[in-house]
Ligand SMILES: Nc1ncnc2c1ncn2[C@@H]1O[C@H](COP(=O)(O)OP(=O)(O)O)[C@@H](O)[C@H]1O
Ligand SMILES: [Mg+2]
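Residue numbers (this note's numbering), protein chains in the order written: chain Y, 5 to 288; chain V, 102 to 504.
See below:
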């Protein structure tokens with residue numbers, strides 16, 4: 005699918021029913037570790053002017069947006085991300101994903117949410133050891149109960165998309181860091197989740213691999229996928245349409261760099277300068 | 102998720118640590134194999150006892166001299182004689198006795214050509230002995246009452262003796278020298294089997310009573326009198342008739358102070374059978390413990406596996422693996438360990454049961470094979486469920502953060 009078709013279809017959608025509701029609605033979200041004096045407020049938001057108690061982070065993320073979350077180490081980026089990904093539960097506040105309050109879901113439903121709605125990309129790749137790239141990418145489909153033939157077809161398509169069609173039978177220890185991360189990206193996108201969560205996806209990669217992975221993510225966002233990406237590098241954040249800055253568990257700035265609709269800014273620039281319509285993915 | 106998928110993951114998990122998986126399976130294998138084999142040995146020994154009961158005939162009684170209480174002095178003990186046997190053979194005094202065979206036993210070396218061999222025992226008796234002791238002729242014939250009357254130098258030999266002396270030659274009609282006396286072999290007994298330790302029932306030479314007495318033991322007494330009751334149901338009456346008659350011939354009045362003993366062979370043997378059952382239970386218990394140890398081995402290894410793969414569990418959960426799938430994956434792994442181990446254990450146990458152990462031919466109990474297999478699999482499930490549950494209950498974020 006190319007981005008023009010995606011844009012057209014979204015335009016039709018918007019005409020029909022107005023802007024879609026935010027994918028992520030976070031209200032007064034707090035997360036603290038430990039008790040008493042040793043309590044660490046990893047997510048606190050602004051302090052209540054009267055009581056001084058943390059009021060929690062409040063945040064909306066639109067469908068199709070590309071949000072970079074920036075901040076120094078220990079500012080609560082990963083904590084936020086783990087809660088958004090339903091891997092962790094907040095201490096206080098509400099989190100609505102696609103309008104559903106995640107706090108009311110049981111373990112079984114949460115695993116379903118993680119499987120269907122969310123694609124994860126981690127800094128440390130987090131591939132299943134001793135498993136080939138193809139099997140790796142098939143995993144979320146297997147958990148979703150997709151039949152073997154269909155699973156294989158979709159996994160191959162996803163791996164081709166990230167430019168690893170020649171490496172399908174390789175195990176993680178037979179792949180470079182950049183290739184491993186691309187397998188992780190393929191695995192995150194294979195279920196066609198509404199939302200991609202990436203926690204410093206390029207933190208362990210060299211410049212070339214970083215560009216490859218980011219261009220894939222750009223392409224995915226251009227096709228309408230919501231992306232939340234954690235980074236502390238400005239070059240990486242430049243790919244996003246919106247940049248949030250966290251300090252000490254508080255959002256201190258929220259800057260928009262590009263429209264929610266349409267391709268992410270850097271990809272749009274490339275499109276403007278070259279007439280070529282790039283397909284997502286690295287080298288073919 | 103489909104079962105097949107789960108089994109494939111389980112195989113991959115086991116294959117990742119081949120040595121460890123193999124050693125764990127070995128534990129189960131040894132457990133299952135020893136349950137099957139030890140129960141088979143125990144069963145084999147009770148089957149042997151059962152066979153010798155039927156071999157002896159359930160209606161046979163043995164009279165031996167000696168006091169029941171052992172309190173009597175030697176001078177007052179009257180030995181059993183051929184006259185005692187004659188008295189027992191009187192149908193009016195003992196209507197429940199079918200036949201009587203006095204028995205003397207001797208030991209002598211048999212020579213044939215240049216082969217010299219000492220059979221387990223040399224028995225002198227009446228032809229009635231053959232039926233009472235359930236000895237069947239395989240080849241040739243029994244000796245007759247005429248042979249007894251004439252003190253003929255004829256003999257019937259057991260299959261082991263025949264094998265030792267004649268090998269493949271046909272013994273019937275051949276002359277052997279028994280302690281210097283020449284005997285003509287007239288028959289070879291059918292193999293009874295059920296040799297236990299030193300006592301091989303097929304290693305005998307049986308000859309007419311007077312012939313053996315003349316050549317070896319002398320005519321004063323006999324070692325025992327073998328009595329056959331008219332049926333298995335009349336052995337008790339026959340037993341009391343024997344006691345009555347022998348008290349008469351031995352001039353005894355006090356039934357508590359006898360100088361002979363009448364033993365009902367099947368009673369004796371059933372006592373031996375219950376001993377061998379105890380033995381079986383004991384062996385089974387030892388084997389069951391080794392199976393349990395194998396099961397604990399599974400828990401141990403699965404706990405290690407879960408700890409080692411905590412991060413992987415976190416990844417799978419992040420990808421949306423439901424709790425049941427993680428549980429299933431680890432349960433499948435532990436069950437696979439036990440199923441393969443138990444399967445190999447059954448194979449080893451069955452193979453091992455083809456060899457005789459301490460003189461006992463093991464007889465596999467089919468239910469023990471099924472039972473051991475089922476218990477091993479159940480142990481895999483049971484002992485695997487704790488680690489598997491631990492894996493499945495991990496919170497995804499904790500699992501992912503695991504070092
Ligand atoms: N499991 C935990 N237990 C205790 N403190 C934690 C835990 N996880 C994170 N923290 C603390 O919460 C704060 C935010 O951490 P994190 O979200 O990982 O920061 P980052 O922005 O570097 O990703 C840090 O001060 C960290 O020490
Ligand atoms: Mg972090």
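Just so it is clear, CB atoms sit at the ideal spot from N, CA and C, and this is done for glycine as well.
{"Asked": "Cβ neighbour criterion (16 or more within 10 Å) applied to residue 9 (chain Y)", "Found": "At residue 9 (chain Y), the pLDDT of 49 sits below 50, so the modelled position is not reliable and the matter cannot be decided from this model."}
{"Asked": "Three-state class that DSSP yields for residue 135 (chain Y) in the structure shown", "Found": "coil"}
{"Asked": "Cβ-heavy atom distance, residue 95 (chain Y) to ligand 1, below 8 Å", "Found": "no"}
{"Asked": "For residue 212 (chain V): DSSP bridge partner residues", "Found": "V:217, V:278"}
{"Asked": "Cβ of residue 73 (chain Y) within 9 Å of any chain V Cβ", "Found": "no"}
{"Asked": "For residue 179 (chain V) and residue 171 (chain V), the rounded distance between their alpha carbons", "Found": "Reliability of the predicted coordinates at residue 171 (chain V) is poor, the pLDDT of 49 falling under 50, and the value obtained from them is presented with this limitation in mind. Roughly 14 Å between the two C-alpha positions."}
{"Asked": "Three or more C-beta pairs below 8 Å linking the stretch 306–317 of chain V and the stretch 128–145 of chain V", "Found": "no"}
{"Asked": "Distance, residue 134 (chain V) Cα to residue 449 (chain V) Cα", "Found": "6 Å"}
{"Asked": "Residue 64 (chain Y): CB within 8 Å of a non-hydrogen atom of ligand 2", "Found": "no"}
{"Asked": "Residues of its chain near residue 162 (chain Y), where Cβ-Cβ distance is below 7 Å and the 5 sequence neighbours each way are ignored", "Found": "141, 190, 193, 194"}
{"Asked": "Straight-line Cα distance separating residue 198 (chain V) from residue 192 (chain V)", "Found": "7 Å"}
{"Asked": "Contacting positions in the stretch 397–425 of chain V - beta carbon closer than 9 Å to chain Y", "Found": "410, 412, 413, 415, 416, 417, 418, 419, 420, 421, 422, 423, 424, 425"}
{"Asked": "Spatial distance of residue 116 (chain Y) from residue 424 (chain V) (CA atoms)", "Found": "11 Å"}
{"Asked": "Test item: CB-CB of residue 478 (chain V) and residue 440 (chain V) under 9 Å", "Found": "yes"}
{"Asked": "heavy atom of ligand 2 below 8 Å from residue 234 (chain Y) C-beta", "Found": "yes"}
{"Asked": "Rounded C-alpha distance that separates residue 374 (chain V) from residue 118 (chain V)", "Found": "47 Å"}
{"Asked": "Contact set between residue 115 (chain Y) and chain V, taken where Cβ atoms lie within less than 8 Å", "Found": "418, 421, 422, 423, 424"}
{"Asked": "Any C-beta of chain V under 9 Å from that of residue 135 (chain Y)", "Found": "yes"}
{"Asked": "Alpha carbon of residue 173 (chain V) to alpha carbon of residue 358 (chain V), nearest angstrom", "Found": "Annotation note: pLDDT 48 at residue 173 (chain V) (below 50); position unreliable, no value reported."}
{"Asked": "Cβ shell of residue 148 (chain V) (< 7 Å), same chain only, five flanking positions each side left out", "Found": "464"}
{"Asked": "Residues that DSSP places opposite residue 241 (chain V) in a beta bridge", "Found": "V:288"}
{"Asked": "Neighbour list for residue 124 (chain Y) in chain V, Cβ cutoff strictly below 8 Å", "Found": "419, 420"}
{"Asked": "Interface flag, residue 496 (chain V) vs chain Y, CB-CB below 9 Å", "Found": "yes"}
{"Asked": "Cut-off 7 Å between Cβ atoms - residues of its own chain near residue 1 (chain Y), not counting five sequence neighbours on either side", "Found": "Examination of residue 1 (chain Y) is not possible in this model, given that chain Y is present from 5 through 288 alone."}
{"Asked": "Rounded separation between residue 410 (chain V) and residue 110 (chain V) - CA only", "Found": "13 Å"}
{"Asked": "Helix, strand or coil at residue 322 (chain V) [DSSP, three-state]", "Found": "coil"}
{"Asked": "Alpha-carbon to alpha-carbon, residue 259 (chain V) and residue 237 (chain V)", "Found": "10 Å"}
{"Asked": "Residues of its chain near residue 162 (chain V), where Cβ-Cβ distance is below 8 Å and the 5 sequence neighbours each way are ignored", "Found": "327, 328, 329, 330, 336, 339, 340, 343, 363, 364, 365, 366"}
{"Asked": "Where the stretch 442–465 of chain V meets chain Y: residues whose CB sits under 7 Å from a CB there", "Found": "none"}
{"Asked": "Contact belief for residue 138 (chain Y) with residue 159 (chain Y) at Cβ below 8 Å, rounded distance in angstroms", "Found": "5 Å"}
{"Asked": "Of the residues V:215, V:165, V:211, the one placed nearest residue 202 (chain V), counting alpha carbons only", "Found": "V:165"}
{"Asked": "Chain-ordered chain V contacts of residue 205 (chain Y) [CB-CB under 7 Å]", "Found": "Those do not exist, as residue 205 (chain Y) stays about 14 Å from chain V at its closest Cβ, beyond 7 Å."}
{"Asked": "Buried versus exposed call for residue 427 (chain V) [16 or more other C-beta atoms within 10 Å across all chains shown]", "Found": "buried"}
{"Asked": "Within 9 Å, strictly: CB atoms of residue 225 (chain V) and residue 314 (chain V)", "Found": "yes"}
{"Asked": "Enclosing beta strand (DSSP E) for residue 203 (chain V) [first to last residue]", "Found": "198–207"}
{"Asked": "Whole-angstrom C-beta distance between residue 395 (chain V) and residue 442 (chain V), which should lie under 8 Å", "Found": "7 Å"}
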